[in-house]
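If you read the sequences in order, they're chains A and B.
Those letters in the first sequence? Residues 200 to 445, by this note's numbering.
Those letters in the second sequence? Residues 200 to 445, by this note's numbering.
Just so you know, even glycine gets a beta-carbon here, dropped at the ideal spot from N, CA and C.
Number of protein chains: 2
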Amino acid sequence: MSDNKVGTYKFVAEPFHVDFTGKLTMGVLGNHLLNCAGFHAADRGFGIAELNENHYTWVLSRLAIELEDMPRQYEVFNIQTWVENVYRLFTDRNFAILNKEGKYIGYARSVWAMISMETRKPADLLTLHGGSITDYICDKECPIEKPGRIKVTQQTPVAEYLTKYSDIDINGHVNSIKYIEHILDLFPIETFKEKSLKRFEMAYVAESYYGDTLSFYLEEKAENEYDIEVKKNNQEVVVRSKVIFK
Amino acid sequence: MSDNKVGTYKFVAEPFHVDFTGKLTMGVLGNHLLNCAGFHAADRGFGIAELNENHYTWVLSRLAIELEDMPRQYEVFNIQTWVENVYRLFTDRNFAILNKEGKYIGYARSVWAMISMETRKPADLLTLHGGSITDYICDKECPIEKPGRIKVTQQTPVAEYLTKYSDIDINGHVNSIKYIEHILDLFPIETFKEKSLKRFEMAYVAESYYGDTLSFYLEEKAENEYDIEVKKNNQEVVVRSKVIFK
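As structure tokens, this is what we get:
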């Protein structure tokens with residue numbers, strides 16, 4: 200039973216998935232994490248396909264990734280994922296990233312809600328399949344901090360971006376991974392030459408759509424630590440992010 | 200021997216790799232094709248890693264993809280690849296895309312050169328490993344036209360784009376797949392609602408780098424047929440592309 204709680208998935212860092220330093224990009228790693236969440240849930244009977252049949256779906260609320268290293272081009276690496284907690288309206292899912300030698304090089308935490316596709320309202324996770332999701336709760340260690348508070352008071356955007364065809368997913372929303380790319384693109388390439396990403400956080404607050412103009416507000420909170428807020432059409436906050444370099 | 204000439208690789212259309220219609224994006228398909236080329240070459244002793252040891256590398260010159268359909272979200276599909284011709288300075292590599300039922304839904308053609316990483320000059324493919332690459336030449340059918348002539352006389356760009364961190368690959372160049380995304384982003388989303396991509400061609404002419412401004416010149420050549428030229432810093436042509444919808 201314990202073995203069945205942690206899912207392990209193998210990947211290779213593909214050539215077009217690494218950045219100019221030869222390391223896997225944060226966007227691609229985020230994509231892999233979300234795919235692993237999907238595989239793990241589907242294999243245990245609470246995946247998107249099963250939920251959709253009952254007009255429910257998973258919605259990602261928070262993601263925090265902390266890394267000592269990143270896989271290099273062509274490197275084989277593994278991602279583990281497991282459920283840490285299940286509450287009525289949220290579940291905490293954690294991840295570990297292991298390099299080719301099997302050494303832990305990073306961890307991630309995510310928070311998900313289940314919503315009704317008809318009303319968009321949150322659903323009760325503890326009644327899903329009679330609460331059987333709680334059978335998978337696992338106390339495996341995840342030695343990184345939980346997603347924290349991100350606060351931006353800056354009123355002048357550092358960049359604006361008009362969303363395009365390639366940003367939009369099957370639900371008609373700007374996809375969760377594209378936000379990661381657009382946020383990292385706020386930094387000059389020199390930053391990635393001199394430093395590496397230590398921690399990256401996303402808070403998904405609202406959806407944006409094709410043709411929305413995204414404005415990016417950036418604030419340096421401490422040395423190497425930046426909070427970013429993204430608004431659509433100069434109004435509603437869409438996502439917030441924290442980027443810590445080392 | 201015949202079996203060994205064609206490589207077959209299995210994929211799944213991941214959620215963040217499909218567009219708003221639920222079909223695999225052209226950029227992701229292009230990425231998979233180039234990965235298959237890499238796997239196929241590496242398995243036969245003329246992959247990037249082996250070439251790099253001798254200070255040579257593969258350079259993609261042309262890519263043409265023609266499709267009747269695209270894999271849908273979560274669909275398992277296969278890509279086949281083989282070498283059609285080897286000339287002194289170029290080799291033609293073809294691809295077939297098979298849907299989950301094993302039906303051919305598309306084909307692709309690509310043209311590659313091998314260059315010296317020191318002089319950037321083309322190398323002689325017929326002397327590579329004593330010409331053994333020719334052992335893999337295969338006459339499997341590829342019933343789509345070869346990459347054709349792309350000509351744009353339009354002098355006013357329809358869009359400009361300043362290249363960013365996420366565009367740059369391990370060689371310090373804007374990556375081949377990002378051009379595909381930027382070119383398709385020239386079209387309004389309505390085009391992809393009403394039509395689907397029938398044929399997509401890329402001609403890689405020169406490299407662009409971080410901080411270059413790309414200008415996109417677009418010309419309608421016939422109904423549903425567009426030629427695009429991308430210049431860097433308003434001067435040199437970087438890539439040309441043809442997009443045909445149906």
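A direct Cα-Cα distance of roughly 34 Å separates Val404 (chain B) from Phe276 (chain A). Secondary structure at Phe238 (chain A): helix, using DSSP grouped into helix, strand and coil. Exclusion of the five residues before and after Gln353 (chain A) leaves Tyr416, Glu418 as the residues of its chain whose Cβ lies within less than 6 Å of its Cβ.
Scanning B:His216, B:Val258, B:Asp411 for the CA closest to the CA of Ile388 (chain A) turns up B:Asp411. DSSP links Pro321 (chain B) through a beta bridge to B:Ile314.
Chain B places no beta carbon closer than 9 Å to that of Ser309 (chain A), leaving this residue out of the contacts. Rounded to the nearest angstrom, the gap between the Cα atoms of Phe391 (chain B) and Val217 (chain B) is 13 Å. The DSSP-derived three-state label of Val275 (chain A) is strand.
If you draw a straight line from the Cα of Asn284 (chain A) to the Cα of Cys337 (chain A), it is about 8 Å long. Just so you know, the alpha carbons of Val437 (chain B) and Lys430 (chain B) end up roughly 5 Å apart.
Contact between Ser365 (chain A) and Glu428 (chain B) does not hold, since their C-beta atoms are separated by about 20 Å, which reaches or exceeds 8 Å. At a cut-off of 9 Å between beta-carbon atoms, Pro387 (chain A) makes contact with chain B. In the structure shown, Met269 (chain A) falls within a coil segment according to DSSP collapsed to helix, strand and coil. For Val357 (chain B), the closest of B:Asn433, B:Leu250, B:Glu400, B:Tyr409 by C-alpha to C-alpha distance is B:Asn433. Just so you know, the alpha carbons of Pro321 (chain A) and Met225 (chain A) end up roughly 29 Å apart. DSSP places Ser440 (chain A) within a strand segment (E or B) once states are collapsed to three.
In the DSSP annotation of this structure, Ser375 (chain A) is not part of any beta strand (DSSP E); the continuous alpha helix (DSSP H) holding it starts and ends at 375-383. When the five nearest sequence neighbours on each side are left out, the beta carbons in the same chain lying within less than 8 Å of the beta carbon of Leu297 (chain B) are those of Phe276, Asn277, Ile278, Gln279, Tyr303, Ile304, in order along the chain. Ranked by Cα distance from Glu393 (chain A), the options A:Gly237, A:Val205, A:Phe219, A:Val211 are led by A:Phe219. Non-local beta-carbon contacts of Lys377 (chain B) in its own chain, meaning distances under 6 Å to residues more than five positions away in sequence, involve Asp366 in chain order. The C-beta separation of Phe289 (chain A) from Ala307 (chain A) comes to about 16 Å, leaving the pair out of contact by the 8 Å criterion. Against Phe415 (chain A), chain B offers no close residue; the least beta-carbon distance is about 12 Å (beta-carbon pairs closer than 9 Å).
Taking a beta-carbon distance threshold of 9 Å, Gly301 (chain B) does not count as an interface residue toward chain A. Along the segment 231-246 of chain B, the positions whose C-beta sits under 8 Å from a C-beta of chain A are Leu233, Asn234, Gly237, read in chain order. Lys392 (chain A): member of the alpha helix (DSSP H) spanning 388-393, first to last residue. Listed along chain A, the residues sitting closer than 9 Å to Asp218 (chain B) by beta-carbon distance are Tyr364, Ser365, Ile367, Asp368, Ile369. About 15 Å separates the beta carbon of Lys445 (chain A) from that of Glu400 (chain A), a gap too long to meet the 8 Å contact definition. When Cβ-Cβ separations below 9 Å define contact, Leu297 (chain A) makes no contact with chain B.
Asp426 (chain B) and Pro342 (chain A) have their C-alpha atoms roughly 52 Å apart.
By the neighbour-count definition (other C-beta atoms within 10 Å, threshold 16), Asp291 (chain A) is a buried residue.
Inclusion of Ile314 (chain A) and Tyr255 (chain A) in the CB contact set at 9 Å is warranted, their separation being smaller than that value. When the Cα atoms are used, Asn251 (chain B) and Ala248 (chain A) turn out to be separated by approximately 44 Å. By the rule that beta-carbons nearer than 9 Å mark a contact, Asp384 (chain B) touches chain A. Counting only Cβ-Cβ distances below 8 Å, Ile376 (chain A) has contacts in chain B at Phe215, in chain order. Lys204 (chain B) has no beta-bridge partner at all, per DSSP.
The beta-carbon distance between Lys397 (chain B) and Leu266 (chain B), rounded to whole angstroms, is 7 Å. This is short enough to meet the 8 Å contact definition.
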